[in-house]
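>
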Amino acid sequence: MLTFLKLYLISFIVFFAVDLLWLGIIAKKLYQKEIGHLLKTDVNWVAAVVFYLLFIGGLVIFVLMPAVEAGSFGKVILLGAL
355 MLTFLKLYLI SFIVFFAVDL LWLGIIAKKL YQKEIGHLLK TDVNWVAAVV
405 FYLLFIGGLV IFVLMPAVEA GSFGKVILLG AL
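Residue numbers (our numbering): 355 to 436.
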């Protein structure tokens with residue numbers, strides 16, 4: 355259980371940081387230019403939090419935990435690609 359919590363916390367922090375960087379800085383102008391008419395002006399925080407919790411949970415359960423148990427980086431790549 356402790357391994358799960360560590361992996362979950364680390365994954366959440368990394369995923370959130372990368373997503374924030376991508377959506378907030380790198381691709382912001384591209385998204386506004388190309389799909390700006392589809393974007394909302396405000397964030398639906400409930401949906402965002404639920405998505406993050408479920409997505410990271412799935413990542414840890416289906417990719418990271420099996421790879422850690424197998425001790426294989428190749429398994430991380432394989433399961434992550436699926």
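No residue lacks a Cβ here, since even glycine has one placed at the ideal position from N, Cα and C. The structure presented is a predicted model; accordingly, all values stated were derived computationally and were not measured.
Using 8 Å as the Cβ pair cut-off and three pairs as the minimum, do the region 413-430 and the region 375-388 touch?
Taking 8 Å as the limit for Cβ pairs, the verdict is that the region 375-388 does not touch the region 413-430.
> Roughly how far, in whole angstroms, is the beta-carbon of Val414 from the beta-carbon of Tyr362, given that I think they are within contact range, below 8 Å?
Here residue 414 corresponds to residue number 60 of the sequence shown, with the count starting at 1. Here residue 362 corresponds to residue number 8 of the sequence shown, with the count starting at 1. Contact holds; Cβ gap of about 5 Å.
> Is the separation between the beta-carbon of Ile369 and that of Ile410 shorter than 8 Å?
Numbered from its first residue, the sequence shown carries residue 369 at position 15. Numbered from its first residue, the sequence shown carries residue 410 at position 56. Correcting the residue identity first, residue 369 is Phe in this sequence and not Ile. In this structure, Ile410 lies closer than 8 Å to Phe369 by Cβ.
> With DSSP run on the structure shown, which of helix, strand or coil describes Met419?
If you number the sequence shown from 1, residue 419 lands on position 65. Here Met419 sits in helix by DSSP.
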